[in-house]
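Going by the working numbering, the first residue of the sequence shown is number -6, and it counts up by one from there.
Glycine is no exception: its CB is placed at the ideal position from the N, C-alpha and C atoms.
Down below is the structure, laid out as structure tokens.
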Amino acid sequence: MILGLDVLGSNPPLSRDKTLFTPGPLNTSAATKQAMLRDLGSRDAEFIEVVRDVRSRLVGLGDGHEEYTAILMQGSGTFGVEAVLSSVIPQEGKLLILINGAYGERMLKMADIHRINTVSLRTTEDTVPSPQLLREALQADPQITHVAVVHCETTTGIINPIKEYGEIVREFDRIYFVDAMSSFGAYPLDYRGCNIDYLISSSNKCIEGVPGFSFIIAKMDGLRKTKGFARTLSLDLYAQWEGLERDGQFRFTPPIHVILAFRQALIELEKEGGVTARGARYKHNYELTLAGMQALGFKAYLKPENQGYIITSFYYPSHPNFDFRTFYELLSEKGFLIYPGKLSHADCFRIGHVGRLDASNVKSLMSAIASVLKKMNIKLTE
Ligand SMILES: *Cc1c(COP(=O)(O)O)cnc(C)c1O
């Protein structure tokens, strides 16, 4: 059964705010925002305890508790990805990136900036990189030491088979990075089962916290060997971990309020029934959105078998009156924010299914879209 948010015991977002159908930052509960109304010392025992609690809850969201640790890193999700790329690969290392969207491309850009020896396996944005190609690439190039992939490529909403890749990476005994930014908290993730060495996500996606930090779930035996590999001071993952382990403190000013909100968000995730229940709520949002949009005459960009339930890309309809800017503005006036597209080859916009949203919000969005189409004089169905 899918629970509506009203029965989850946490207040809805404040009504003056728009409803965000984006991939994040997302609507958060009132209690999550209220958790920020504190002033804590960054080196005081109370805050140190909050950080310890958050780190342990994060590790507890997957399996393999004893082998993994959670490291919080100031900055948005990109900072977390860059922390991993720039502090885990030694000078003589070589990185393989599987790319099928903008976030894979972003990793490639980072690797270039840090002058990391990198190769990429690129497929089109509507296609999952084939595990067989990964196997061939690892077979052909024994110099590759690290493999990176995005779980849910938020560019389109496609879900990449991280478990299959993980099995191949394990077979070749390489180090495996997964950018699970937009899926962590919504898809059950089995760190050990997927052979993940470093998983990256952030505070403002499916955990439903506010923006301000990223976190890395790292397998400790590998992490221990990376001392001194960092190519920057502030994003040094090993040093950040060492500091947190030594005295529970951050090296540099932590986003205290964001972490307080995040702890509340983790408590609410647990209350909802954990990742499985949250995933079911999001999936229901997705199914309602897809059915509603198809009924209005819109077409989804991805084939259903590749499509996840985080975010969906829809083609611009080929109607002479359709103009995305107008469509977006009219929806915004009604209190709904959708998301522009990010595709290189097709004109699409996106609708997110995550955050403090349930079926009632999706139904309201669908009626708003119907009335905006009417106002724009667009009829897509017979
Ligand atoms: C959101 C996101 C990021 C990080 O984006 P920031 O804007 O830096 O938070 C990275 N990868 C994926 C797949 C994402 O969805």
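Could you give the C-beta distance for residue i and residue j, rounded to a whole number, given that I count them as a contact under 8 Å?
i	j	result
Y61	K212	6 Å
G55	Y184	4 Å
F170	H139	7 Å
G345	I304	5 Å
L259	W234	At roughly 20 Å, the Cβ-Cβ gap does not stay under 8 Å, so L259 and W234 are not in contact.
S175	P297	Not quite, the Cβ-Cβ distance comes to about 19 Å (not below 8 Å), so this is no contact.
A76	L228	4 Å
Y302	Y275	5 Å
Y308	F317	Actually they do not touch by this definition, with Cβ atoms about 11 Å apart.
G70	S195	4 Å
S113	I90	5 Å
A273	L283	That belief does not hold up - the Cβ atoms of A273 and L283 are roughly 16 Å apart, past 8 Å.
A38	Q257	Contact doesn't hold; Cβ gap of about 19 Å is too wide.
V251	G202	7 Å
With a Cβ-Cβ cutoff of 9 Å, do residue i and residue j count as a contact?
i	j	result
T374	G266	no
F14	I331	yes
K198	V43	no
M369	G285	no
A63	V47	yes
E118	T147	no
V143	M100	yes
I161	P122	no
R271	G178	yes
L88	I137	yes
D240	I106	no
N262	I200	It is worth fixing the name first, because residue 262 is Leu in this sequence and not Asn. Yes, Cβ-Cβ distance for L262 and I200 is below 9 Å.
S306	L350	no
S35	T246	yes
F255	Q67	no
K327	V365	yes
A352	N278	yes
I193	V52	no
F243	L33	no
A361	F315	no
G383	K220	What the structure shows of the chain is the stretch from -6 to 375, and residue 383 is not part of that stretch, so it cannot be assessed.
G150	L295	yes
G86	I109	yes
Q300	I189	no
By the 10 Å Cβ neighbour count, where 16 or more other Cβ atoms means buried, how is residue i classified, buried or exposed?
i	result
Q377	The structure shown does not extend to residue 377, since the chain is modelled only from -6 through 375, so no value can be given for it.
A288	exposed
T225	exposed
Q132	exposed
P204	buried
T111	buried
N20	buried
Q125	exposed
D10	exposed
S311	exposed
T25	buried
P248	buried
A130	buried
A339	exposed
K172	Checking the sequence, you will find Asp at residue 172 rather than Lys. Classification for D172: buried.
T12	buried
R45	exposed
R343	buried
R163	exposed
For ligand 3, is there a heavy atom less than 8 Å away from the beta-carbon of residue i?
i	result
P204	As for ligand 3, it is missing from this structure, which binds only ligand 1.
### Query
Could you give the uninterrupted runs of the alpha helix (DSSP H) lying entirely in the stretch 17 to 68, keeping only those of 4 residues or more?
For the stretch 17 to 68, whole alpha helix (DSSP H) runs of length 4 or above, ordered along the chain, are 23 to 27 and 38 to 53.
### Task
Taking only runs that begin and end inside the stretch 148 to 236, name each unbroken beta strand (DSSP E) of 3 or more residues, in chain order.
List check, beta strand (DSSP E) in window: 168 to 172, 191 to 195 and 206 to 212.
### Task
Go through the stretch 257 to 309 residue by residue and report every complete run of the alpha helix (DSSP H) that reaches 4 residues or more, in order.
267 to 289, all fully within the stretch 257 to 309.
### Inside the stretch 312 to 349 only - beta strand (DSSP E) runs reaching at least 3 residues
The DSSP assignment places 341 to 345 as complete runs of the beta strand (DSSP E) inside the stretch 312 to 349, in order along the chain (cut-off: 3 residues).
### Query
Residue ranges of each alpha helix (DSSP H) run of no fewer than 4 residues wholly in the stretch 59 to 115, ordered along the chain?
Entirely contained in the stretch 59 to 115, the alpha helix (DSSP H) runs reaching 4 residues are, in chain order, 70 to 81 and 95 to 106.
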